[in-house]
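> Sharing a structure below in structure tokens format, with a few things to ask.
Protein chains: 2
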Amino acid sequence: MGRRPTIIDVARLAGVSKSTAARALSDSPDVNDATREKVRKAAIASGYERNHLAVGMRSGRSGLFGLVIPDITNPFWAEVARGAQDIVGENGASLLVFSSDWDHDREASHLRALRQARVEGAIVNPVSDNAEDFGRFGVPFSLIGSSAERFPDTPSIGSDIRQAVRLGLDHLVARGHAAPALILGPKSRLARARFLRSVHEHCLERDIDPAVLLVEDGDYTFEGGHAAMQRLMARQRNGHLTVFCANDLMALGAMLAVREAGRECPRDVSILGFDGVPAGAFSWPGLTTIEKPARELGRRAAQALFDEIAGRPQDGRTYLPCRLIERGSLADLTVHTPLRVAGAGRS
Amino acid sequence: MGRRPTIIDVARLAGVSKSTAARALSDSPDVNDATREKVRKAAIASGYERNHLAVGMRSGRSGLFGLVIPDITNPFWAEVARGAQDIVGENGASLLVFSSDWDHDREASHLRALRQARVEGAIVNPVSDNAEDFGRFGVPFSLIGSSAERFPDTPSIGSDIRQAVRLGLDHLVARGHAAPALILGPKSRLARARFLRSVHEHCLERDIDPAVLLVEDGDYTFEGGHAAMQRLMARQRNGHLTVFCANDLMALGAMLAVREAGRECPRDVSILGFDGVPAGAFSWPGLTTIEKPARELGRRAAQALFDEIAGRPQDGRTYLPCRLIERGSLADLTVHTPLRVAGAGRS
DNA sequence: TTAACTTCCGGTAACGTTCCCAATAGATGC
DNA sequence: GCATCTATTGGGAACGTTACCGGAAGTTAA
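This is the structure in structure tokens:
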């Protein structure tokens, strides 16, 4: 099969110049209606389709946008990707999707690919706070997730961690739980610090000494949560154990560890997750968790990017509120309090 | 900030012509080593980065590939996307990702976007068997998932449904189960027919009359499986109920329905899934399922596409074997068989 | 010394599109 | 009737890159 028809072929077929054909096809008012119709017919007849490479070349607008997330396989990020995809699509553009695997080099390489593809903008969840990479990025971008503070002048969307943590702790208090143990992400990740800080703040507000909190590190994976929970159970063998996990995957891993240890959730151990991944609804018991508005995050990040590019006024940093989803992984300790609870909830 | 440096800027800075600069940067042998080094330095100093739009325009190779799947949010398809992403990335190209939501119009629109972006090739899971759309697609593509038969001359990758069903039924027989009830996808989807056909074949091989099988339709969603299971339990109130679900999401929904009905899995109801989604490992009991090699599917589809474009010989249709993952959702009926089993397993 | 050959480099064209400018024809105003 | 204006069109340039062609040196062989 031969080469794709160009606008010159269309022009020839319609018996006009390529300028006129281009005008007709781009809805310019400076073209006679009869001519336009003629050109349209020729375009359809020849199977012409605009070459976006050439358009981008000429206009500087490639119609391409980029998304760099840690892992498309992670249900949270898949939702984010979907949200971004939808908004980008509504604006007639296409989305290049990359997974960085939380790896600096991969991220850098993806950013380079985006620049070379001349994307009009990018949505990025930065691996960490290497501000230089983005200072020199050279492409409009919006940030998603954590690590927004470093870039006061670029739009950034995230979940409202403080509000989410408050929601979680309030709920725990209402259910009669003491200060929960924490399973956090790795120290290298920004989100960890933010989560921990919020927990501390809220503990102080409730006159709980943060130093009392048991803390274990995970790596945001199922296995990591599983291992962290095992360590936690080894550290506290008696009484009801309440655990607040920094993400759902670790919470689900923790749940497995509980079962394997012959303990039962929520009877012996209460688990609160954070993310709102679908799998949390399938576990047994269902995972009580704080849901991040993942898809909306993606949509807003994309929208902010379009606003930014169009020069529309920006909100700067935006934090979307999270929602508590109550399923079955939290005991209600207000009913019959076990004897040997570690610490006691006040208020 | 000014405009991006072009190869002309680099050439000027290095004191050579743009031809020489281009040669130097593209590792042509026809350039002096000293000159090459000079140009490289100038490129780095100016922050030059190749404009892929222009390269694509000139060479006809855009460095872009497309992926059209039903929904990036679906964990199976996310895995496929990741596999494709990896292979495409290894080849120095980028991947445009689209979700069709099983909608013809969206699919058509995505395919058009792909063509306009001048992707070098595309990986598609077609919404249905509208052969015309692809006959006229005009871009090399490989198919993934079902509906491959329509295109004997294009590479296509899928899971080996027959082998998978055999695996499942063999396992059920070994565990002492009779012919299972089925929860299938909607009639409009190709995969349904293929799955059902395989079940029938294997039943006949085992002297089981396929007409005996209870069948309910779902829609591949959690809710659909939930509802289908309720109908199934209403139809068969006594004895151990064994259900083979056409995908994991429905299986998980079915599991919930079982619990809600006060029955217990696997004691009263055995459930076998199909897909191998991660969530199946988090449910309780863990979902015994047949795992499709999702990521490998994506990798192979991408590889096939590259092979096809490079003119390397093709296998045509490839079906990758599936793997049974035994977790806890299947009872072992060979131990103490309940009295009123519906039908009896032969062998 | 000259011819042929190698090595390296510069100029130009082309990819497909859109934008700017000029040109044509008809219409309008005086 | 002539200038001016409007509506519509065509021609050419430019976006950034690479491929091709030819030329200028330097090198080797006779």
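Protein chains in written order, with full-length UniProt numbering: chain U, 1 to 347; chain C, 1 to 347.
Think of the CB as a built atom: it goes at the ideal place given N, C-alpha and C, for glycine as much as any other residue.
(1) With C-beta atoms as the reference, is residue 197 of chain U less than 9 angstroms away from residue 173 of chain U?
(2) Along the segment 292-318 of chain C, what residues have a CB closer than 7 angstroms to any CB found in chain U?
(3) Does the distance from the CB of residue 275 of chain C to the CB of residue 176 of chain C come in under 9 angstroms?
(4) Any contact between the segment 271-286 of chain U and the segment 247-257 of chain U? By contact I mean 3 or more CB pairs, one from each, below 8 angstroms.
(5) CB residue 243 of chain C to CB residue 183 of chain C, shorter than 9 angstroms?
(6) Check the Cβ of residue 56 of chain U against every Cβ in chain C and list those closer than 8 angstroms, keeping chain order.
(7) Nearest-angstrom Cα distance between residue 107 of chain C and residue 145 of chain C?
(8) Mind reading off the beta-carbon distance from residue 142 of chain C to residue 13 of chain C? Whole number of angstroms is fine, and I expect it under 8 angstroms.
(9) Look at the alpha carbon of residue 238 of chain U and the alpha carbon of residue 335 of chain U, and state the distance between them as a whole number of angstroms.
(10) Output yes if chain C places a C-beta closer than 9 angstroms to the C-beta of residue 353 of chain U; else output no.
(11) Quick check: is the beta carbon of residue 267 of chain U nearer than 9 angstroms to any beta carbon in chain C?
(12) Going by DSSP, what residue range makes up the beta strand (DSSP E) through residue 144 of chain U?
(13) Look up residue 351 of chain C in the DSSP assignment and say whether it is helix, strand or coil.
(14) Have a look at U/201, U/272, U/307 and flag the residue whose alpha-carbon is nearest the alpha-carbon of residue 162 of chain U.
(15) Could you tell me which of C/22, C/78, C/240 sits nearest to residue 40 of chain C, measuring between CA atoms?
(16) Just how far apart, CA to CA, sit residue 11 of chain C and residue 44 of chain C?
(17) Would you kindly work out how many angstroms separate the C-alpha atoms of residue 54 of chain U and residue 113 of chain C, rounded to a whole number?
(18) Do you know whose CA, among U/81, U/18, U/226, lies nearest residue 271 of chain U's CA?
(19) On a Cα-Cα basis, can you pick out the residue from C/137, C/109, C/128 that is closest to residue 121 of chain C?
(20) Count the other C-beta atoms from every protein chain shown that fall within 10 angstroms of the C-beta of residue 29 of chain U, then say buried if there are 16 or more, exposed otherwise.
(21) On the criterion of 16 or more Cβ atoms from any shown chain inside 10 Å, does residue 290 of chain U qualify as buried, or is it exposed?
(22) Is residue 278 of chain U close to chain C? Criterion is C-beta to C-beta, closer than 9 angstroms.
(23) Of all the residues that make up the segment 113-131 of chain U, which are near chain C by a beta-carbon distance shorter than 7 angstroms?
(24) Helix, strand or coil for residue 119 of chain U per DSSP?
(25) Run through the DSSP bridge pairs and tell me what residue 156 of chain U is partnered with.
(26) Just to confirm my understanding: we take residue 36 of chain C, look at its own chain, exclude 5 residues before and 5 after, and list those with CB closer than 6 angstroms. What are they?
(27) Determine the chain U residues that contact residue 282 of chain C at a beta-carbon separation under 7 angstroms, and present them in chain order.
(28) Could you tell me the distance, in whole angstroms, from the CA atom of residue 210 of chain U to the CA atom of residue 266 of chain U?
(29) For the segment 181-196 of chain U, enumerate the residues whose C-beta is nearer than 9 angstroms to any C-beta of chain C, in chain order.
(30) Looking only at C-alpha atoms, which of U/64, U/309, U/20, U/5 sits nearest to residue 117 of chain U?
(31) Which whole runs of the beta strand (DSSP E) in the segment 22-105 of chain C are 3 residues long or more, in chain order?
(32) Helix, strand or coil: how does DSSP classify residue 344 of chain C here?
(33) Give the DSSP bridge partners of residue 245 of chain U, in chain order.
(34) Going straight from the alpha carbon of residue 97 of chain C to that of residue 82 of chain U, what length do you get?
(35) Who are residue 323 of chain C's beta bridge partners in DSSP?
(36) Of the choices C/328, C/301, C/310, C/313, whose alpha-carbon is the least far from that of residue 319 of chain C?
In terms of the structure at hand:
(1) Not closer than 9 angstroms, so no.
(2) So the list is empty, because no residue satisfies the distance condition.
(3) Not closer than 9 angstroms, so no.
(4) Using a Cβ-Cβ distance cut-off of 8 angstroms, the segment 271-286 of chain U and the segment 247-257 of chain U are in contact, since at least three pairs of beta carbons, one from each stretch, lie closer than that value.
(5) Result yes, Cβ atoms of residue 243 of chain C and residue 183 of chain C sit closer than 9 angstroms.
(6) Chain C residues near residue 56 of chain U: 53.
(7) Each residue's Cα considered, the two are about 15 angstroms apart.
(8) At roughly 43 angstroms, the Cβ-Cβ gap does not stay under 8 angstroms, so residue 142 of chain C and residue 13 of chain C are not in contact.
(9) Rounded to whole angstroms, residue 238 of chain U to residue 335 of chain U spans 19 angstroms at the Cα level.
(10) Coverage of chain U is limited to positions 1 through 347, which leaves residue 353 of chain U absent and any answer about it impossible.
(11) With its beta carbon at least 9 angstroms from every one in chain C, residue 267 of chain U lies outside the interface.
(12) Per DSSP, the continuous beta strand (DSSP E) segment holding residue 144 of chain U begins and ends at 141-144.
(13) Because chain C is modelled from 1 through 347, residue 351 of chain C falls outside the range shown and cannot be assessed.
(14) Among U/201, U/272, U/307, the Cα nearest to that of residue 162 of chain U belongs to U/201.
(15) Comparing Cα-Cα distances from residue 40 of chain C to each of C/22, C/78, C/240, the minimum goes to C/22.
(16) Taking the straight line from one Cα to the other gives about 12 angstroms.
(17) So the alpha carbons of these two residues sit roughly 14 angstroms apart.
(18) Considering only alpha carbons, the answer is U/226.
(19) Minimum Cα distance to residue 121 of chain C is reached at C/137.
(20) When all chains shown are included, residue 29 of chain U counts as exposed.
(21) Its Cβ being crowded by 16 or more others within 10 Å, residue 290 of chain U is buried.
(22) Chain C contact via Cβ: present.
(23) Hits within the stretch, in order: 113, 115, 116, 117, 118.
(24) In this structure, residue 119 of chain U counts as coil in the three-state DSSP scheme.
(25) DSSP output for residue 156 of chain U lists U/143, U/317 as bridge partner(s).
(26) Answer for residue 36 of chain C: 24, listed in chain order.
(27) Chain-ordered, the chain U residues with CB closer than 7 angstroms to the CB of residue 282 of chain C read 252, 279, 282, 283.
(28) A straight line joining the alpha-carbon of residue 210 of chain U with that of residue 266 of chain U spans about 24 angstroms.
(29) The residues in question: there are none.
(30) Closest option to residue 117 of chain U, Cα to Cα, is U/64.
(31) As far as the segment 22-105 of chain C is concerned, its whole beta strand (DSSP E) runs of at least 3 residues are 64-69, 94-99.
(32) The pLDDT assigned to residue 344 of chain C is 42, lower than 50, so where the model puts this residue is not dependable; a value taken from the coordinates is nonetheless given after this. Of the three classes helix, strand and coil, the one that applies to residue 344 of chain C here is coil, per DSSP.
(33) According to DSSP, residue 245 of chain U bridges with U/183.
(34) Spanning the two alpha carbons is a distance of roughly 10 angstroms.
(35) In the DSSP output, where bridge partners are listed per residue, residue 323 of chain C has C/291.
(36) When each option's Cα is compared against that of residue 319 of chain C, the closest is C/301.
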